[in-house]
Amino acid sequence: MTTIAVTTVCLNSQESIHRCLESLNTQTVAPDECVVIDGGSKDDTVAIVDKFVHCGLVSFFVSESDNGISDAFNKAW
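Here it is, written out as structure tokens:
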């Protein structure tokens with residue numbers, strides 16, 4: 031059995047995060063796990079991701095300051 035896991039890291043991504051998560055939500059085969067790590071966005075990114083948490087697509091979400099993209103991916107692991 032194949033497991034599909036998606037990790038997305040973002041920072042102030044209100045312009046693209048909805049499109050990204052909506053695309054995952056409409057795939058023929060939904061991911062088994064979707065992790066979103068946000069670097070402490072100051073725009074509407076958190077509110078947008080929260081909607082996908084509540085609908086069940088995003089299985090793990092954290093928004094806090096980090097030390098860059100590598101740190102964000104390490105948090106996801």
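The numbering of the sequence shown is this note's numbering, which starts it at 31 and goes up by one.
Backbone N, C-alpha and C define an ideal beta-carbon position, used for all residues, glycine too.
As the structure is a prediction and not an experimental result, all values here were calculated from the model.
Got a sec? Which residues, its chain only, sit under 8 Å from residue i by beta carbon, not counting five neighbours each side?
i	result
Lys105	Ile67, Val92 and Asp96
What is the residue span of the alpha helix (DSSP H) that residue i lies within?
i	result
Glu63	Looking at the DSSP string, Glu63 is not in any alpha helix (DSSP H); the run it does join, the beta strand (DSSP E), is Glu63 to Asp68.
Excluding sequence positions up to five away, which residues of its chain have a Cβ less than 6 Å from the Cβ of residue i?
i	result
Ser43	Thr75
Hey, could you find the ends of the beta strand (DSSP E) residue i is sitting in?
i	result
Ser93	Phe90 to Ser93
Ala60	First-last for Ala60: undefined, no H or E at that position.
Taking the alpha carbon of residue i as the point to measure from, which residue in the options has its own alpha carbon closest?
i	options	result
Leu52	Thr32, Ser100, Asp80 and Gly70	It is Glu, not Leu, that sits at residue 52 in the sequence shown. Ranking Thr32, Ser100, Asp80 and Gly70 by Cα distance to Glu52 puts Asp80 first.
Ser100	Gly69, Ala35 and Met31	Gly69
Ser71	Gln57, Gly98 and Thr32	Gly98
With burial defined as no fewer than 16 other Cβ atoms inside 10 Å of the residue's Cβ, what is the status of residue i: buried or exposed?
i	result
Val59	exposed
Ala77	exposed
Ignore the nearest five residues each way along the sequence and tell me which others in residue i's own chain have a CB closer than 7 Å to its CB.
i	result
Pro61	Ile34, Ala35, Val36 and Leu54
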